[in-house]
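See below for the structure under consideration.
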Amino acid sequence: MNDRGLGHMKSGGFVAASEMPAGAVWTKTCQALKRELGEATFGSWLGPAALREHQGEVCLVAATGVARDWIRRHAWRRIGELWAQNDPMGRRLDLKSKMEFDSVAGPAEPRAAAPAPAPEVIEIDVPQPSAAAVRSGRQQGLQDRFRFDTFVSGPANEFAFAVARRVASWADGHFNPVLFHGPYGFGKTHLLNALAWEAMQSAPEKKVVYLTAERFTQAFVKAIQDRQTSAFKDELRRADLLLIDDVHFVAGKPSTQEELFHTLIALVEDGRRVVMTADRSPTELSDMEPRLRSHLQAGLVCGIEPADRNLRLGILERKLATLAEQGGFVPSARPEVLQFLADRFTDSVRELEGALNTLVARVGGQVARLSLDEAQAILRPHLACNDKRVTVDQIQKTVAEHFGLKQADLISERRARAVARPRQAAMWLAKQITTRSLPDIGRRFGGRDHTTVLHAVRRIEELKQSDAQLARDLDVLLRKLRG
0 MNDRGLGHMK SGGFVAASEM PAGAVWTKTC QALKRELGEA TFGSWLGPAA
50 LREHQGEVCL VAATGVARDW IRRHAWRRIG ELWAQNDPMG RRLDLKSKME
100 FDSVAGPAEP RAAAPAPAPE VIEIDVPQPS AAAVRSGRQQ GLQDRFRFDT
150 FVSGPANEFA FAVARRVASW ADGHFNPVLF HGPYGFGKTH LLNALAWEAM
200 QSAPEKKVVY LTAERFTQAF VKAIQDRQTS AFKDELRRAD LLLIDDVHFV
250 AGKPSTQEEL FHTLIALVED GRRVVMTADR SPTELSDMEP RLRSHLQAGL
300 VCGIEPADRN LRLGILERKL ATLAEQGGFV PSARPEVLQF LADRFTDSVR
350 ELEGALNTLV ARVGGQVARL SLDEAQAILR PHLACNDKRV TVDQIQKTVA
400 EHFGLKQADL ISERRARAVA RPRQAAMWLA KQITTRSLPD IGRRFGGRDH
450 TTVLHAVRRI EELKQSDAQL ARDLDVLLRK LRG
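Take the sequence shown: its position 292, counted from the start at 1, is 291 in numbering that gives the first Met the number 0, and no numbers get skipped.
See below:
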């Protein structure tokens with residue numbers, strides 16, 4: 000089925016556009032998709048999408064390029080069938096990412112924002128805020144940029160994302176407590192902030208309390224010093240939703256853990272909701288009091304995995320669009336530059352976004368013209384201070400072990416695909432993470448010519464786009480080699 004031509008004339012009588020607007024057709028289509036895909040999958044990929052019309056054409060606009068690609072691979076054919084069944088006018092439905100659509104039709108007219116609800120906040124040891132600060136959520140330490148619509152989801156985090164959306168909607172049948180865990184820079188704080196904003200908007204009458212574990216500790220200690228522990232406890236235990244970020248911070252602090260434990264028990268037993276984040280799973284929080292660790296394990300534990308390559312590209316696309324909107328330039332960059340960033344900064348989303356920030360700060364709106372060599376030159380000081388020195392020999396040993404080969408196979412003349420593809424992958428890795436020239440890399444692979452290495456690098460770049468298993472293998476190898 001062609002991406003650009005899904006709809007067709009439905010058999011039966013003609014219905015005027017005013018009688019069946021495109022939005023109504025999409026609503027019917029979504030109802031069926033939710034049943035077939037499940038609420039979590041639908042919410043992760045199709046929930047953020049919007050139906051837009053431009054010059055008589057109807058387009059489903061995915062939030063990111065990653066979401067667009069997922070929809071095309073996993074749901075587009077079924078969407079076409081349902082659209083055709085529900086649309087008596089037989090209109091064609093197109094699919095684009097938001098960036099693609101906006102480049103043609105321009106951004107959607109902003110809707111008048113409803114007044115933000117005034118969230119209830121902890122009053123213990125907190126200076127009296129202004130009305131504007133309370134309305135904005137700043138008094139709770141929430142960051143406005145961390146919303147669900149700015150969170151890029153993918154296989155690494157889509158389960159956690161779906162759970163957070165469900166908790167934020169105050170849906171029944173929730174797990175309690177919920178713990179999101181993953182290393183630094185994986186999006187936990189973004190997810191918790193987004194959950195808080197959405198929950199306050201969904202139910203302004205509910206009391207939502209957001210605290211970092213450090214802030215919880217400071218407030219508790221101050222309450223003890225001021226002999227206000229009863230007020231502190233009462234304030235927290237009136238929360239309908241308590242959100243604690245970086246709960247691992249309380250490990251090794253017996254008094255704080257004791258208070259957090261009793262707060263958790265009181266809220267859960269009263270049917271109120273608790274969501275926390277940590278840098279490790281509960282089983283790995285060895286310095287945490289066993290009772291508290293046990294109760295965290297008793298809820299729903301959601302691990303957030305490292306972002307895969309497609310997700311990292313989606314994050315870069317979203318970040319570039321945000322920077323372009325702020326700087327007033329076209330959100331565009333050469334594919335090879337974004338691919339370099341996605342392949343080089345694999346360990347932390349913050350580092351990935353920081354690298355793009357650096358490029359935009361240096362060249363501004365000229366980022367679209369920035370070549371790969373220029374981007375690497377700008378980022379070289381940052382790369383040098385973070386690089387673990389890796390040799391071609393180490394790359395060959397690691398690749399051979401990963402693919403079940405001998406190192407000698409990679410420098411041999413064998414051309415069987417089972418050897419040739421890992422050899423090309425090893426050459427690509429050598430180009431990515433060593434300073435060796437192409438001729439030098441070729442000499443270390445059995446005296447091959449530099450054109451052979453260049454062909455291997457280009458071939459792997461092409462295959463990464465279509466071969467998901469190869470992309471995963473390269474991700475794993477990059478992590479192993481960079482330690």
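Glycine included, each C-beta is placed from N, C-alpha and C at the ideal position.
Everything numeric in this text was worked out from a predicted model, so none of it was measured.
Taking the straight line between their C-alpha atoms, what separation do you get for A48 and D244? Rounded to whole angstroms, A48 to D244 spans 29 Å at the Cα level.
Nonlocal neighbours in the same chain, by C-beta distance under 7 Å from E316, ignoring five residues either side: Correct list, in chain order: T63, G64 and M98.
Under 8 Å between C-beta atoms of L371 and L358: No, these two residues do not count as a Cβ contact at 8 Å.
Does DSSP put A48 in a helix, in a strand, or in coil? Coil, per DSSP.
Secondary structure at V166, three-state DSSP: helix, strand or coil? DSSP places V166 in the helix class (H, G or I) of the three-state scheme.
In the segment 197–261, which residue ranges form an unbroken alpha helix (DSSP H) of at least 4 residues, counting only runs that do not cross its ends? The DSSP assignment places complete alpha helix (DSSP H) segments of no fewer than 4 residues inside the segment 197–261 at 212–224 and 228–236, in order along the chain.
Spatially closest choice to G181 from L437, P421, A332 and L284, by CA coordinates: Looking at the Cα atoms, L284 is the closest of the given residues.
Are V273 and N175 closer than 8 Å when you measure CB to CB? Less than 8 Å divides the Cβ of V273 from the Cβ of N175.
Which runs of the alpha helix (DSSP H) at least 4 residues long sit entirely within the segment 71–106? Give them in chain order. Every alpha helix (DSSP H) stretch that sits fully inside the segment 71–106 and reaches 4 residues is listed by chain position as 75–85 and 97–104.
If you compare alpha carbons, which of S254, D93, V166 and A419 is closest to F402? Taking only the C-alpha atoms, the option nearest F402 is A419.
Contact belief for A429 with I394 at Cβ below 8 Å, rounded distance in angstroms: With 8 Å as the limit, A429 and I394 qualify as a contact, their Cβ atoms being about 5 Å apart.
Output the distance between the C-alpha atoms of A376 and R349, rounded to the nearest integer angstrom. Approximately 20 Å, taken between the alpha carbons.
Can we say the segment 184–198 touches the segment 215–232, given the rule of at least three CB pairs closer than 8 Å? Short answer: they don't touch.
Less than 8 Å between the C-beta atoms of A455 and Q423, yes or no? Yes, the Cβ-Cβ distance between A455 and Q423 is below 8 Å.
Element boundaries [beta strand (DSSP E), containing R420]: Residue range R416 to I432 is occupied by the alpha helix (DSSP H) that includes R420, with no beta strand (DSSP E) assigned at that position.
Taking the beta carbon of A130 as the centre, do at least 16 other beta carbons fall within 10 Å, making it buried, or is it exposed? Legend: pLDDT at A130 = 35, less than 50; position of this residue unreliable, value from coordinates given subsequently. Answer is exposed; the Cβ neighbour count stays below 16.
Work out the CA separation of A193 and P165 for me, nearest whole Å. Position check: residue 165 holds Arg in this sequence, whereas Pro was assumed. If you draw a straight line from the Cα of R165 to the Cα of A193, it comes to about 12 Å.
Do you know offhand how far E460's Cα is from S201's? Rounded to whole angstroms, E460 to S201 spans 44 Å at the Cα level.
Could you name the residues of the same chain whose beta carbon sits closer than 8 Å to that of K252, not counting the 5 residues immediately before and after it, in chain order? Contacts found: T216.
A15 by DSSP, collapsed to three states: which one? Bear in mind that a pLDDT of 42 at A15, under 50, signals an unreliable position, so the model cannot answer this.
Which stretch, first to last residue, makes up the alpha helix (DSSP H) that contains F339? Note, F339: alpha helix (DSSP H), P334 to R343.
Is there contact between the segment 462–475 and the segment 301–311, where contact requires at least three CB pairs shorter than 8 Å? With the cut-off at 8 Å, the segment 462–475 and the segment 301–311 touch.
Range covered by the alpha helix (DSSP H) that runs through G140: Per DSSP, G140 belongs to no alpha helix (DSSP H) and is neither H nor E.
Is it buried or exposed, Q256, if we count other Cβ atoms within 10 angstroms and call 16 or more buried? Q256 is buried by the Cβ-count criterion.
Between E213, A250, V208 and R226, which lies nearest to E234 when the distance is taken from Cα to Cα? Of the candidates E213, A250, V208 and R226, the residue whose Cα lies closest to the Cα of E234 is V208.
For R388 and I314, I'd like the C-alpha separation in whole angstroms. When rounded, the distance between both Cα atoms is 27 Å.
Could you pull the start and end residues of the alpha helix (DSSP H) that F174 belongs to? Premise fails: F174 is in no alpha helix (DSSP H) and is neither H nor E.
Taking the straight line between their C-alpha atoms, what separation do you get for F147 and E197? Between F147 and E197, the C-alpha separation is close to 8 Å.
Suppose the cutoff is 7 Å on Cβ atoms and the five residues either side in sequence are ignored; what does the same chain contact list for L141 look like? Around L141: N192, A195, W196 and Y209.
Provide the residue span of the beta strand (DSSP E) that contains T276, from first to last. Residue range R272 to A277 is occupied by the beta strand (DSSP E) that includes T276.
Can you grab the Cα-Cα spacing for the pair L322 / A415, in whole Å? Distance between the alpha carbons of L322 and A415: 46 Å.
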